[in-house]
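A.B. asks:
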């Protein structure tokens, strides 16, 4: 009996199937929700020019189809005590499944990590983190990356200002 391939992941979710195209109403709903995720259903319906029941049904359908993944609060990091943001480029020592799994199961879950990007090129991961101050940043890098045996190299870049781009559908 043949043994299973070592690097095949059996616990990975299935790739999302291609979604049906968004129509004009879907795009208007998404744009309105991106502008204000707390908009009432009645105001959403008015903004798009449809009945409230239609707005609710279409929004639920967008959620079920995966076009909308959820709703979240946008925080002012400085006000909540996390004024220093940084982008940290991380290169792993080796690129085997165990090391990748070790890193990705631990680091993205740390409370200071806002986003983790798996990248190509000279670095493997790019972390966006927010901490109290530069001393906390130094300690975080030392405690969570430099001493991690799977991490081969890090490079930290301070973020002076974050200017988000448009997150709605592309026209």
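Residue numbers (the working numbering): 161 to 331.
Virtual Cβ for every residue (Gly too), placed ideally from N, Cα, C.
Leaving out five residues on either side along the sequence, give the residues of the same chain with a beta carbon under 8 Å from the beta carbon of residue 165.
C.D. replies: In this prediction, residue 165 has a pLDDT of 43, which is less than 50 and means its spatial position is unreliable; what the coordinates show is noted afterwards. Shown here for residue 165: not one same chain residue has a beta carbon closer than 8 Å to its own, the five before and five after excluded.
A.B. asks: Using a 10 Å radius around the Cβ and a threshold of 16 neighbouring Cβ atoms, would you call residue 219 buried or exposed?
C.D. replies: buried
A.B. asks: For the putative contact between residue 247 and residue 313, defined by C-beta atoms under 8 Å, what is the C-beta separation to the nearest angstrom?
C.D. replies: The Cβ separation is near 15 Å, so there is no contact.
A.B. asks: Report the residue ranges of all beta strand (DSSP E) runs contained in full by the region 201-279; include only those spanning at least 3 residues, in chain order.
C.D. replies: 244-252, 273-278
A.B. asks: Got a sec? Which residues, its chain only, sit under 6 Å from residue 251 by beta carbon, not counting five neighbours each side?
C.D. replies: 283, 284, 312, 313
A.B. asks: Quick one: what does DSSP say residue 189 is sitting in, helix, strand or coil?
C.D. replies: helix
A.B. asks: Cα-Cα, which of 305, 192, 296, 322 is closest to residue 231?
C.D. replies: Distance check between residue 231 and each of 305, 192, 296, 322 places 192 closest, using alpha-carbon atoms only.
A.B. asks: Tell me whether the beta-carbon of residue 244 lies closer than 8 Å to the beta-carbon of residue 293.
C.D. replies: yes
A.B. asks: So, with DSSP's three-state summary, where would you put residue 182?
C.D. replies: coil
A.B. asks: Determine the DSSP secondary structure at residue 197, reduced to helix, strand or coil.
C.D. replies: Three-state result, residue 197: coil.
A.B. asks: If you draw a straight line from the C-alpha of residue 276 to the C-alpha of residue 209, how long is it?
C.D. replies: 38 Å
A.B. asks: Use the C-beta contact count for residue 304: other C-beta atoms within 10 angstroms, 16 or more gives buried, fewer gives exposed.
C.D. replies: buried
A.B. asks: How should residue 263 be labelled, buried or exposed, when 16 other C-beta atoms within 10 angstroms of its C-beta is the threshold for buried?
C.D. replies: Burial call: buried.
A.B. asks: Can you tell me which of the three DSSP states residue 301 falls into?
C.D. replies: Residue state, collapsed to three classes: helix.
A.B. asks: With distances taken from CA atoms, which of 257, 199, 309, 184 is nearest residue 233?
C.D. replies: 199
A.B. asks: Please list, in chain order, all residues of the same chain as residue 322 whose beta carbon is under 6 Å from its beta carbon, the five residues on each side excluded.
C.D. replies: none
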